[in-house]
Amino acid sequence: MDPIAPNPHSPHATADPNTRHMIPSFIFAAPVPGVLALTGCNRLAVVPSEPLQTAGEEAAFPPGMCDDCIAAWHAVQRGEELADDRPLTDCTSCESPTRHGKLCALCAQDAHDEWRGVQGATGGAS
Ligand SMILES: [Zn+2]
Ligand SMILES: [Zn+2]
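Quick note on numbering: numbering that gives the first Met the number 0 labels position 102 of the sequence shown as 101, and the sequence is numbered without any gaps.
Rendered as structure tokens:
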């Protein structure tokens, strides 16, 4: 299997930029390419335009995948959830408690959308 490319860049992503993260999809919120979304490892990464190809039940993930995302995926298959032991801090924008660092997930998504809008207006980086 060829190594998989990391998620697209965003200055507001908190996930490791060197690995590919899984974006779990929910019935009420299918991941839209280009948006900042919660990853399997509970961080934030940009949804890539090409979907992740896995070998289904065998769970053979391509090289370059985030280990924590794979661990979380296996935990979900067992009906478990991985503990998140990162400290809770207050979002610097809306002051809600968050484990995502400076900005909570919602504020980071807002900031990302704003950043994307600027990129689009200036011709884009990609
Ligand atoms: Zn991950
Ligand atoms: Zn916030």
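We treat Cβ as the ideally placed atom computed from N, Cα and C, and that holds for glycine.
Residue closest to residue i, alpha-carbon to alpha-carbon, out of the options
i     : options                        : result
Ala14 : His99, Ser48 and Thr88         : His99
Ser92 : Ala110, Asp83 and Arg77        : Ala110
Arg42 : Pro62, Gln108 and Gly78        : Gln108
Asp67 : Asn6, Arg19, Pro10 and Gly119  : Arg19
His8  : Met0, Leu35 and Asp84          : Leu35
Pro5  : Arg115, Gly78, Phe60 and Cys65 : Cys65
Val31 : Ala82, Ile69, Asp112 and Asp84 : Asp112
Arg77 : Ile69, Asp84 and Asp83         : Ile69
Cβ-Cβ distance between residue i and residue j below 8 Å
i      : j     : result
Ala12  : Val45 : yes
Cys126 : Ala71 : Past the boundaries of the shown model lies residue 126; the chain is included only from 0 to 125, so the question cannot be answered.
Gly63  : Ile22 : no
DSSP three-state assignment for residue i, whether helix, strand or coil
i      : result
Asn6   : coil
Gly123 : For Gly123, the predicted model reports a pLDDT of 49, less than 50, meaning its position is unreliable and no value from the coordinates is stated.
Ala205 : No information on residue 205 is available, as it lies outside the stretch 0 to 125 that the chain covers here.
Arg42  : coil
Met51  : Checking the displayed sequence, the identity of residue 51 turns out to be Leu instead of Met. Coil at Leu51, not helix or strand.
Residue i: CB within 7 Å of a non-hydrogen atom of ligand 1
i     : result
His20 : yes
Thr38 : yes
Distance cut-off 7 Å: residue i Cβ against heavy atoms of ligand 2
i      : result
Leu102 : yes
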